[in-house]
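Protein chains: 2
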Amino acid sequence: MHILVTGAAGMIGRKLTEQLAKDGALHDRAVEKLTLTDVFPAPPPLGIAAAVDIITQDLATPGVADNLIAGRPDVIFHTAGIVSAEAELDFDKGYRSNLDGMRALLEAIRHAGGFRPKLIFTSSCAAFGGPFPYLIDDEFHLTPHTSYGTQKAICELLLADYTRRGFVDGIGLRLPAICVRPGKPNKAASGFFSSIIREPLAGHEALLPVDESILHTHASPRAAVGFLIHAAGLPPDRLGPRINLTMPGVSCTVAEQIAALGRIAGDKVAARIRREPDPLVIRIVDGWPHRFDAARARALGFEAERSFDDIIRIHIEDELGGVIR
Amino acid sequence: MHILVTGAAGMIGRKLTEQLAKDGALHDRAVEKLTLTDVFPAPPPLGIAAAVDIITQDLATPGVADNLIAGRPDVIFHTAGIVSAEAELDFDKGYRSNLDGMRALLEAIRHAGGFRPKLIFTSSCAAFGGPFPYLIDDEFHLTPHTSYGTQKAICELLLADYTRRGFVDGIGLRLPAICVRPGKPNKAASGFFSSIIREPLAGHEALLPVDESILHTHASPRAAVGFLIHAAGLPPDRLGPRINLTMPGVSCTVAEQIAALGRIAGDKVAARIRREPDPLVIRIVDGWPHRFDAARARALGFEAERSFDDIIRIHIEDELGGVIR
Chain A
15 MHILVTGAAG MIGRKLTEQL AKDGALHDRA VEKLTLTDVF PAPPPLGIAA AVDIITQDLA
75 TPGVADNLIA GRPDVIFHTA GIVSAEAELD FDKGYRSNLD GMRALLEAIR HAGGFRPKLI
135 FTSSCAAFGG PFPYLIDDEF HLTPHTSYGT QKAICELLLA DYTRRGFVDG IGLRLPAICV
195 RPGKPNKAAS GFFSSIIREP LAGHEALLPV DESILHTHAS PRAAVGFLIH AAGLPPDRLG
255 PRINLTMPGV SCTVAEQIAA LGRIAGDKVA ARIRREPDPL VIRIVDGWPH RFDAARARAL
315 GFEAERSFDD IIRIHIEDEL GGVIR
Chain B
15 MHILVTGAAG MIGRKLTEQL AKDGALHDRA VEKLTLTDVF PAPPPLGIAA AVDIITQDLA
75 TPGVADNLIA GRPDVIFHTA GIVSAEAELD FDKGYRSNLD GMRALLEAIR HAGGFRPKLI
135 FTSSCAAFGG PFPYLIDDEF HLTPHTSYGT QKAICELLLA DYTRRGFVDG IGLRLPAICV
195 RPGKPNKAAS GFFSSIIREP LAGHEALLPV DESILHTHAS PRAAVGFLIH AAGLPPDRLG
255 PRINLTMPGV SCTVAEQIAA LGRIAGDKVA ARIRREPDPL VIRIVDGWPH RFDAARARAL
315 GFEAERSFDD IIRIHIEDEL GGVIR
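Those protein sequences? They're chains A and B, same order as listed.
Residue 15 is where the first sequence starts when you use this note's numbering, and the numbers rise one by one after that.
Residue 15 is where the second sequence starts when you use this note's numbering, and the numbers rise one by one after that.
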């Protein structure tokens, strides 16, 4: 089978590609070709038997999506897009990257005709906006408080309509905060949820821009890749017409994250967090949802970690080779 | 003040324009200029003191929205768009008219800069999609089953984001079925809700394409114009960040509509309805919501009729000069 990954240079895109390379197959079908696209050069996965095409272009540029779709990928993982704080700071770039890119992709598929690829889209729980009930169920409305959340919510609607019309076989996954993100901090307003774990574990100081009482829902990068791969194998008749799903995760406060860090790595490591409130981050995060029911996703077999301790352990295993500094 | 009405040749646009002409003012501010735009020539309102500009162009054509916004309207009533069945039959036309038109308008306002008009958008309860709870509250999600509903839901999201960013002072009104629509049948799948009342009252036969047990929520054209005018006077601080509202209406079955017709106009008139099931209409209407709470809209002073009898009486008063054939 031929798999297209957009946003292949991004964190989720790279981890997904590595997993596909490692498995050599997707739900028992051998991966014969892998097309990786992003505005930045996607790293070629190591040890893959499939043909790999790396296309460094912007999906929103006219013609780019058509060229990608001309290769008739069986499965498309659409993870491309810019992150929340960047979309808030650069209005035009956010709509171009997060909305126009998706629309170009969907239009290219529709115009190609005669084929109906599986399209797995990474939406975000930032598509929700407060005030929130104690637990957000699967029928709560999307009233985002950021341009990023707005763009994700619009993409969900487009994906559902193009799916209903039979142009594509879509599924949207509202990811919780992905934690612990490896690598350098990015412009996501949610970045601190990861850096307060990652940086101390690597021997560095981390800044905490919000209050410790902030509660949020997290899943590991490993769980996120698991969601994407699981979604690719879900038959449309199990999914029904409501194709956009809130993914499960671990709900905990920042204080509970820090306590888990102390349990696993010791108080010396947990003491490497410095409080430095940031009004922009506080404003964005304040508008984000807290706890999700995610009943439909769980019933459909999507699985996240059970505790924040597990999330930290996965980071140490997957990123640090088991070593804490 | 300068008022811009898009979709000014449409039913709601024309009725709104007539009301503005009659009042000569909007919330105590004299109407000095009225710009009427549509893809069809908008009829100039009679007896209006204000300057009237009629612009027959497509809002989605590059430059058209910019030209309209160059006149710096204080209030914009954006009622333009194609109806549900047409958007379902012509995918491209639906997205162009209902989505690209709105985006062009919002972008023109953003790029004009230095002014922040009031923008009242006519959304639709077709933005909802089943399965539904008994009563749809103000926090129920939008999962439309039509391209039309999808386009309306996307416009709501865009309007909320452009409002949050301070480019415009927006409010979206999810209209129930507008009943009794005057004039000839249009391509709206909801058309029969009106024609089964309008045609018999005018001495003609009407076709009923769905079962009599279908329950729907209705408001008169007079109520719809009232919603638009009321919305134009609502201060943003009363509205808060959730600027898209489900409007109130009268919930009743088709059987109850027919019973009301019999009460008001006699059984001979009510007997002019012929049952002729239409699979496309049945499919579209089946996906539509039934009963709404509309608690927020009611609390904000939006008012619809109390009974379907009232809706029929308003039609007879406003359209038939009080005469039933």
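Glycine included, each C-beta is placed from N, C-alpha and C at the ideal position.
Fair warning: this is a prediction, and the values are worked out from it, not measured in the lab.
Starting from residue i, trace the alpha helix (DSSP H) both ways and give me its first and last residue.
i              : result
residue 161(A) : 161-178
residue 78(B)  : 78-84
residue 210(B) : 205-215
residue 299(B) : 293-300
residue 253(A) : 250-253
Give the DSSP bridge partners of residue i, in chain order.
i              : result
residue 258(A) : 186(A)
residue 47(A)  : 16(A) and 65(A)
residue 133(A) : 90(A) and 184(A)
residue 233(B) : 192(B)
residue 138(A) : 189(A)
residue 264(A) : 232(A)
residue 287(A) : 220(A)
residue 40(A)  : 43(A)
residue 70(B)  : 52(B)
Decide if residue i is buried, meaning its Cβ has at least 16 other Cβ atoms within 10 Å, or exposed.
i              : result
residue 183(B) : buried
residue 18(A)  : buried
residue 129(B) : exposed
residue 148(A) : exposed
residue 337(B) : exposed
residue 329(A) : buried
residue 291(A) : exposed
residue 215(B) : buried
residue 178(B) : buried
residue 60(A)  : exposed
residue 289(B) : exposed
residue 166(B) : buried
residue 217(A) : exposed
residue 54(A)  : exposed
residue 260(B) : buried
residue 254(A) : exposed
residue 102(B) : buried
residue 219(A) : exposed
residue 36(B)  : exposed
residue 227(B) : exposed
residue 251(A) : exposed
Mapping the DSSP letters down to three states, classify residue i as helix, strand or coil.
i              : result
residue 373(B) : The structure shown does not extend to residue 373(B), since chain B spans only 15 to 339, so no value can be given for it.
residue 119(B) : helix
residue 154(B) : strand
residue 320(A) : coil
residue 52(A)  : strand
residue 104(B) : coil
residue 226(B) : coil
residue 109(A) : helix
residue 342(A) : The question about residue 342(A) has no answer, for chain A in this structure spans 15 to 339.
residue 276(B) : helix
residue 311(B) : helix
residue 282(B) : helix
residue 126(A) : helix
residue 96(B)  : coil
residue 245(B) : helix
residue 269(B) : helix
Which two residues bound the contiguous beta strand (DSSP E) that contains residue i?
i              : result
residue 220(A) : 220-222
residue 31(A)  : No beta strand (DSSP E) contains residue 31(A), which is instead part of the alpha helix (DSSP H) from 25-37.
residue 337(B) : That residue, residue 337(B), is in no beta strand (DSSP E); it is neither H nor E in DSSP.
So does residue i have its beta carbon nearer than 6 Å to some heavy atom of the ligand ZN?
i              : result
residue 214(B) : The ligand ZN is not part of this structure, which contains no ligands at all.
**Report entry** Sufficient close CB pairs (3 or more, under 8 Å) joining the segment 72-79 of chain A to the segment 112-125 of chain A
**Finding:** Under the three-pair Cβ rule at 8 Å, the segment 72-79 of chain A counts as touching the segment 112-125 of chain A.
Report task. Inspect the CB distances between the segment 262-280 of chain B and the segment 98-111 of chain B and report whether three or more fall short of 8 Å. Result -> No contact exists between the segment 262-280 of chain B and the segment 98-111 of chain B.
Query raised in the report: Does the pairing of the segment 21-35 of chain B with the segment 91-100 of chain B give three or more beta-carbon distances under 8 Å?
Result: Taking a cut-off of 8 Å on C-beta distances, the segment 21-35 of chain B touches the segment 91-100 of chain B, as three or more cross pairs fall below it.
Requested in this report: Determine contact between the segment 296-308 of chain A and the segment 25-39 of chain B, defined as no fewer than three beta-carbon pairs at a distance below 8 Å.
Outcome: Verdict: no, contact absent.
Requested in this report: Could you tell me whether the segment 273-291 of chain A touches the segment 193-205 of chain A, using the rule of 3 or more Cβ pairs below 8 Å?
Outcome: Remark: fewer than three beta-carbon pairs, one from each stretch, lie closer than 8 Å, so the segment 273-291 of chain A and the segment 193-205 of chain A are not flagged as touching.
Query raised in the report: Pairing CB atoms from the segment 313-322 of chain B with CB atoms from the segment 228-244 of chain B, are three or more of them under 8 Å?
Result: Contact between the segment 313-322 of chain B and the segment 228-244 of chain B is present, because at least three Cβ pairs lie under 8 Å.
Query - Segment contact, 8 Å Cβ cut-off, at least three pairs: the segment 280-287 of chain A with the segment 187-197 of chain A - result: Touching, no.
Query raised in the report: Within the chosen definition, does the segment 168-175 of chain A reach the segment 302-309 of chain A through at least 3 CB pairs nearer than 8 Å?
Result: Cβ pair count under 8 Å is below three, so no.
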